[in-house]
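Protein chains in written order, with the working numbering: chain Z, 130 to 338; chain S, 19 to 657. All C-beta atoms in this analysis are idealised placements derived from N, C-alpha and C, irrespective of residue type, glycine included. As structure tokens, the structure follows; a few thoughts come after it.
Structure below.
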């Protein structure tokens, strides 16, 4: 039995680094891991997705079959729903950032972006549970909106959906990063853990107005 | 998935590596002396990692100007007795092919491994070429790893094989190997490259048609090795009803599909680690035992055709046997058979159909409630990053072309700026082919004046692409008196593939400072007039482009501004909209910043009816502030 995690978002949001932290922490925990990601267009505003498959005894391929994701961590509300519809099932657990990132078609006026609250409701209606909050707001308060990826990683760690301890993640973050980035990422990660355990701070509990 | 794991000198330890890192690790373990590449996704990170470790491990690594030059350098190292690795994407193999077909005829000495990365589905490529066909044309042994562990193992094995055969060996890695991550058990690291390089006075590496026979002999030798090679393996019951023949990640997809469908007692999987030449006896042994064979591979039906021919030659032995795969349309991704990537689902569908078993992962109406709540989900098309100098360049070009009014033709090329064919580049670009092709096509169009062709011609090329492949076309244009404007979109890096250095940057792969060779020096030396301008000065750029469009002959305009992702690391001013000065829809600008100019950081605050800058996306270029008709956007230096 594998844990099939998908981390999704928009190019530039740092999904690849988040999957690197999770996957490295899994290997450090003695687990077998397969990661599948595509980062050719990762900085250029497209939908991005990292598949992370964690198993005690089996080497899997890097791609999760349709309908077989067990956990989805969505850095962006629209992408969360998109991936859930493709890869989810009624037992899938979801952690989602409510801060939208608008596609070029929406900015040009050709498309309309759904209300983040509606997206959250839609995700809730077809999954086994959602933890939704404004991770970007927490990252801004930690010092940089870019660190939302570590807030989301913290939320995943704090949710204990994977057999990996919080200190293991922290050790990986300390090894992978240096200088001020390490400090920022650790703070953002811990804020994410707290958000799940104690509930998000009031200013990050809902989608931005 | 980091260089820490590649560097680790702890044989037997299991670490997380990507396929690219695993290839680099394999090369380290094989004791390479020379590594070369031109950056191309999905394999750009192989040399990126090797270059970082070259100093401490005592080998040489370089970003070459193109793949042909990269391969020739690696071949030289092999002739002189140093193991060498050369890395390229499938498109790069086309560039290097002339040399590669010659090398396999001339033969090599120390192990020479050519890593070719294919990109099924074109995640970061304009084509999804299956390089195995070209490997076959070049009479090469082709190895196909399935995952990062095999990428490491096969890289090590490939050096030995290359030395045994005295010919280059090709390692074909697809995106789902290169960019996959997985546990890799490390082997031992040698102290460094063995021996002093020497090219003996009596040694010869000559390409001559008389040596074609030698190529065939080497392939026969490789075929014999392949019959008992551990990477060619069979998994399943002794007498399977269905035999799956697969390679690369297809093996993992097939194994999972068999598991999901519970078909372990009816289906066997034959995995080809060596895709060419085929281990014929090994294949025939298993083909005889099955009544159906299913081919699972990316992208084209390479095994299907070659094994199909083998089957045809041995019909009596294998009869009855039905062949399924792409031609039968059983193995198909969402776009159809032989198009795009395959995955576990594609193999599940094929096997369920062949075995006559039902399969449903989740109920067919899953998602109904969500779809009722969210009727339409906007697509997310690719575009230039916030602050990208190319957006400013394309806006200036679009404006100047409109002012010129003679229907200028805009020819594209390969790089980030290929997105100039999308909304992000105002749909300006009219052709896209291969590295440097835009310049060659401009050269051709620019000579059609004799037939009355009077439209101005603009070729767009990136800085790295300029050095890679634009120079011969520019020489041809000057020599044959063509007429066009070559615009070099110089963002001072190879941005598309992850910011690798190039000859214009004054730094090598090893981090050594060298004299930079600028585009204007090269073009100037060819006798072509050059103008340099900063695209962030949009109005000035419009004037320069307009003026140059009206000139004759070949001329070059360098639009130089560092990639926003690089400059944002150093300095990122805060950009915001002053809600007092922005007058919203009353302006008459049609929401210029968000709707027209189209920077993804310029969004619309619907509640207040004003423009807004998304601080989570903005890279601080400030170009929007120079274009806003109300002057409502403020750029504030931070720190």
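Selected residue, minimal CA-CA separation from residue i, among the options
{"i": "residue 279(S)", "options": "240(S), 222(S), 264(S), 370(S)", "result": "370(S)"}
{"i": "residue 203(Z)", "options": "131(Z), 155(Z), 294(Z), 180(Z)", "result": "180(Z)"}
{"i": "residue 132(Z)", "options": "174(Z), 139(Z), 190(Z)", "result": "190(Z)"}
{"i": "residue 435(S)", "options": "84(S), 110(S), 143(S)", "result": "143(S)"}
{"i": "residue 646(S)", "options": "633(S), 655(S), 628(S), 634(S)", "result": "628(S)"}
{"i": "residue 654(S)", "options": "615(S), 598(S), 606(S), 594(S)", "result": "594(S)"}
{"i": "residue 161(Z)", "options": "254(Z), 318(Z), 291(Z)", "result": "291(Z)"}
{"i": "residue 90(S)", "options": "377(S), 52(S), 60(S), 328(S)", "result": "52(S)"}
{"i": "residue 313(S)", "options": "299(S), 331(S), 366(S), 191(S)", "result": "366(S)"}
{"i": "residue 181(S)", "options": "300(S), 99(S), 73(S), 515(S)", "result": "99(S)"}
{"i": "residue 464(S)", "options": "470(S), 454(S), 475(S)", "result": "475(S)"}
{"i": "residue 461(S)", "options": "574(S), 169(S), 376(S), 86(S)", "result": "574(S)"}
{"i": "residue 648(S)", "options": "154(S), 206(S), 634(S), 609(S)", "result": "609(S)"}
{"i": "residue 555(S)", "options": "643(S), 565(S), 488(S)", "result": "643(S)"}
{"i": "residue 178(Z)", "options": "186(Z), 156(Z), 141(Z), 154(Z)", "result": "141(Z)"}
{"i": "residue 500(S)", "options": "466(S), 514(S), 127(S)", "result": "466(S)"}
{"i": "residue 19(S)", "options": "80(S), 166(S), 103(S)", "result": "166(S)"}
{"i": "residue 374(S)", "options": "194(S), 545(S), 259(S), 94(S)", "result": "259(S)"}
{"i": "residue 227(S)", "options": "303(S), 114(S), 630(S), 125(S)", "result": "125(S)"}
{"i": "residue 111(S)", "options": "388(S), 282(S), 191(S), 343(S)", "result": "191(S)"}
{"i": "residue 360(S)", "options": "392(S), 454(S), 317(S)", "result": "317(S)"}
{"i": "residue 144(Z)", "options": "334(Z), 332(Z), 280(Z), 333(Z)", "result": "280(Z)"}
{"i": "residue 232(S)", "options": "157(S), 87(S), 548(S)", "result": "157(S)"}
{"i": "residue 423(S)", "options": "473(S), 378(S), 396(S)", "result": "473(S)"}
{"i": "residue 596(S)", "options": "620(S), 230(S), 589(S), 493(S)", "result": "620(S)"}
{"i": "residue 541(S)", "options": "138(S), 246(S), 495(S), 386(S)", "result": "495(S)"}
Rounded Cβ spacing between residue i and residue j (contact assumed at less than 8 Å)
{"i": "residue 336(S)", "j": "residue 305(S)", "result": "5 Å"}
{"i": "residue 477(S)", "j": "residue 504(S)", "result": "5 Å"}
{"i": "residue 176(Z)", "j": "residue 398(S)", "result": "5 Å"}
{"i": "residue 251(Z)", "j": "residue 264(Z)", "result": "Contact doesn't hold; Cβ gap of about 19 Å is too wide."}
{"i": "residue 188(Z)", "j": "residue 163(Z)", "result": "7 Å"}
{"i": "residue 150(S)", "j": "residue 269(S)", "result": "Actually they are not in contact, since the Cβ atoms of residue 150(S) and residue 269(S) sit about 15 Å apart, beyond 8 Å."}
{"i": "residue 119(S)", "j": "residue 155(S)", "result": "7 Å"}
{"i": "residue 76(S)", "j": "residue 210(S)", "result": "4 Å"}
{"i": "residue 37(S)", "j": "residue 265(S)", "result": "Not really, about 14 Å apart at Cβ, beyond 8 Å."}
{"i": "residue 283(Z)", "j": "residue 321(Z)", "result": "2 Å"}
Sequence-distant residues of its chain with Cβ nearer than 7 Å to residue i (five each side left out)
{"i": "residue 177(S)", "result": "48, 101, 129, 131"}
{"i": "residue 449(S)", "result": "429, 430, 456, 459"}
{"i": "residue 357(S)", "result": "351"}
{"i": "residue 512(S)", "result": "57, 482, 518, 520"}
{"i": "residue 550(S)", "result": "538, 576, 578"}
{"i": "residue 140(S)", "result": "146"}
{"i": "residue 571(S)", "result": "501"}
{"i": "residue 173(S)", "result": "41, 44, 45, 48, 131, 189"}
{"i": "residue 298(S)", "result": "241, 328"}
Residues near residue i by beta carbon distance below 8 Å, same chain, minus five either side
{"i": "residue 12(S)", "result": "Within the shown structure, residues of chain S are numbered from 19 to 657, placing residue 12(S) beyond reach of any answer."}
{"i": "residue 295(S)", "result": "159, 237, 238, 240, 241, 244"}
{"i": "residue 441(S)", "result": "399, 401, 616"}
{"i": "residue 524(S)", "result": "531, 532, 533, 534"}
Close Cβ partners of residue i (< 6 Å) along its chain, the five nearest in sequence each way excluded
{"i": "residue 199(Z)", "result": "132, 133"}
{"i": "residue 340(S)", "result": "310"}
{"i": "residue 80(S)", "result": "54, 527"}
{"i": "residue 485(S)", "result": "83, 520, 521"}
{"i": "residue 205(Z)", "result": "138, 139, 230"}
{"i": "residue 206(S)", "result": "29"}
{"i": "residue 419(S)", "result": "426"}
{"i": "residue 516(S)", "result": "62"}
Contact set between residue i and chain C, taken where Cβ atoms lie within less than 7 Å
{"i": "residue 362(S)", "result": "Of the protein chains in this structure, namely Z and S, none is chain C."}
Any non-hydrogen atom of the ligand MG closer than 6 Å to residue i Cβ
{"i": "residue 272(S)", "result": "Judged by which ligands are present, the structure shown has none, so any question about the ligand MG falls away."}
Q) Is the segment 402-421 of chain S in contact with the segment 502-516 of chain S, if contact means three or more CB pairs nearer than 8 Å? A) yes
Q. Unbroken beta strand (DSSP E) runs of length 3 or more, entirely within the segment 151-216 of chain S: which are they?
A. 159-161, 187-192, 198-203
Q. Where are the beta strand (DSSP E) runs, 3 residues long or more, that stay fully inside the segment 570-625 of chain S, in chain order?
A. 572-578, 592-595, 620-623
Q: Check whether the segment 207-224 of chain S touches the segment 175-195 of chain S, counting contact only when three or more Cβ pairs, one atom from each stretch, lie closer than 8 Å.
A: no
Q.
Quick test of the definition: if touching needs 3 or more C-beta pairs under 8 Å, does the segment 31-44 of chain S touch the segment 313-320 of chain Z?
A. no
Q) Below 8 Å, can you find three or more Cβ-Cβ pairs linking the segment 245-260 of chain S to the segment 285-293 of chain S? A) yes
Q: Kindly confirm or deny that the segment 412-422 of chain S and the segment 207-217 of chain Z touch, where touching means at least three C-beta pairs closer than 8 Å.
A: no
**Q.** Validate contact between the segment 246-261 of chain Z and the segment 211-225 of chain Z using beta carbons, cut 8 Å, 3 pairs
**A.** yes
Q: Write down every uninterrupted run of the beta strand (DSSP E) in the segment 255-294 of chain Z whose length is 3 residues or greater and which is fully enclosed by it, in chain order.
A: 258-262
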